[in-house]
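Under UniProt numbering, the first residue of the sequence shown carries the number 1, and numbering increases by one thereafter. Below is one structure, written out as structure tokens; the observations come after it.
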Amino acid sequence: MVHWTAEEKQRITSIWGKVNVAECGGEALARLLIVYPWTQRFFSSFGDLSSPCAIVNNPKVRAHGKKVLTSFGEAVKNLDNIKGTFAQLSELHCDKLHVDPENFRLLGDILVIVLAAHFAQEFTPDCQAAWQKLVGAVAHALARKYH
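In structure tokens:
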């Protein structure tokens, strides 16, 4: 279990309360697919992923990004039980989708970049540290079934 200070929880929830899940989720997934093109193999059913422009404008990428970030919101709501919150998703990604668990860490790092871009003034180094801790905990929880 991850230990959270009151300050970390506050930094996470204050940013999360302002996040446009559809916009940031779509942007985060698009960035993942562009920056780490080998991750595209998990999304072959999404249609045209042939260029950065195609990826950014792909409605399936945007919709799935929103879905991913909505799930991520469950971690924010359940900071004291992240492993339990993601137990079923860990099983799905391991047993059915066969996603390399390293991709969870990559997506978490991308999410931090997206949040920093959207909330530049508020995304202080202390805030970034709290979010890095959170995305690391989520990545670890999603990779749990792999261990």
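Even for Gly, the Cβ is constructed at its ideal location relative to N, Cα and C.
Residues near residue i in its chain [Cβ-Cβ closer than 8 angstroms; skip 5 each side]
i      : result
Trp-16 : Gly-73, Val-76
Limits of the unbroken alpha helix (DSSP H) element including residue i
i       : result
Ala-63  : 59-77
Gln-132 : 125-142
Residue i and residue j closer than 8 angstroms at C-beta
i       : j       : result
Phe-119 : Lys-18  : yes
Leu-69  : Val-21  : yes
Gln-11  : Asp-126 : Going by the sequence as given, residue 11 is Arg instead of Gln. Result yes, Cβ atoms of Arg-11 and Asp-126 sit closer than 8 angstroms.
Gly-26  : Arg-62  : yes
Val-35  : Ile-110 : yes
Cutoff 7 angstroms; reference residue i; Cβ partners in own chain excluding five residues on either side
i       : result
Gln-132 : Val-112
Ala-116 : Phe-123, Gln-128
Member of the options whose CA lies at the smallest distance from the CA of residue i
i      : options                : result
Ala-28 : Val-2, His-64, Pro-101 : His-64
Distance between beta carbons of residue j and residue i, contact taken as under 8 angstroms
i       : j       : result
Arg-105 : Ala-139 : 4 angstroms
Lys-60  : Phe-46  : 4 angstroms
Proximal residues to residue i (C-beta, below 6 angstroms), its chain only, five neighbours per side dropped
i       : result
Asn-103 : Thr-39
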